[in-house]
Amino acid sequence: MNIVKIRKNFLLDKETVEKAQQIIRKQHKSLTEAITLYLKAVVKDPSILQTIEQSAKKRTGSFIGMLDGEIGDKTYKEMKKEALRHKAD
Numbered sequence: 000m001n002i003v004k005i006r007k008n009f010l011l012d013k014e015t016v017e018k019a020q021q022i023i024r025k026q027h028k029s030l031t032e033a034i035t036l037y038l039k040a041v042v043k044d045p046s047i048l049q050t051i052e053q054s055a056k057k058r059t060g061s062f063i064g065m066l067d068g069e070i071g072d073k074t075y076k077e078m079k080k081e082a083l084r085h086k087a088d
């Protein structure tokens with residue numbers, strides 16, 4: 000197995016890494032093993048990135064977080080235009 004050294008300026012958020020490490024340890028895996036599994040999964044199924052991105056961006060711990068993905072993909076400007084159209088009718 001070949002090993003690739005990541006550049007010295009490859010930085011990760013310490014708090015996120017520590018939280019992830021606790022979860023990963025429950026599965027009896029090391030952080031290196033988890034990253035390797037992640038990269039293998041991406042190679043086999045690139046669409047998994049969209050699922051992971053949606054999960055990572057989902058807000059938790061508040062009422063508004065429960066609405067993520069439930070009210071559509073409209074931007075504020077689109078919603079404002081639609082509201083003004085309804086108001087004009």
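Heads up: the sequence shown at position 4 corresponds to 3 in numbering that gives the first Met the number 0, and the numbers run straight through without jumps.
Quick reminder that beta carbons are idealized off the backbone N, C-alpha and C, glycines included.
As the structure is a prediction and not an experimental result, all values here were calculated from the model.
What residue range is occupied by the uninterrupted alpha helix (DSSP H) comprising residue 30?
30-43
Determine, using beta carbons only, whether residue 40 and residue 47 come nearer to each other than 7 Å.
yes
If we ignore side chains and look at the alpha-carbon of each, how far apart do residue 14 and residue 30 end up?
14 Å
Looking at the structure shown, is residue 5 part of a helix, part of a strand, or coil, going by DSSP?
coil
Beta carbon of residue 22, beta carbon of residue 33: below 7 Å?
no
Can you tell me whether DSSP reads residue 74 as helix, strand or coil?
coil
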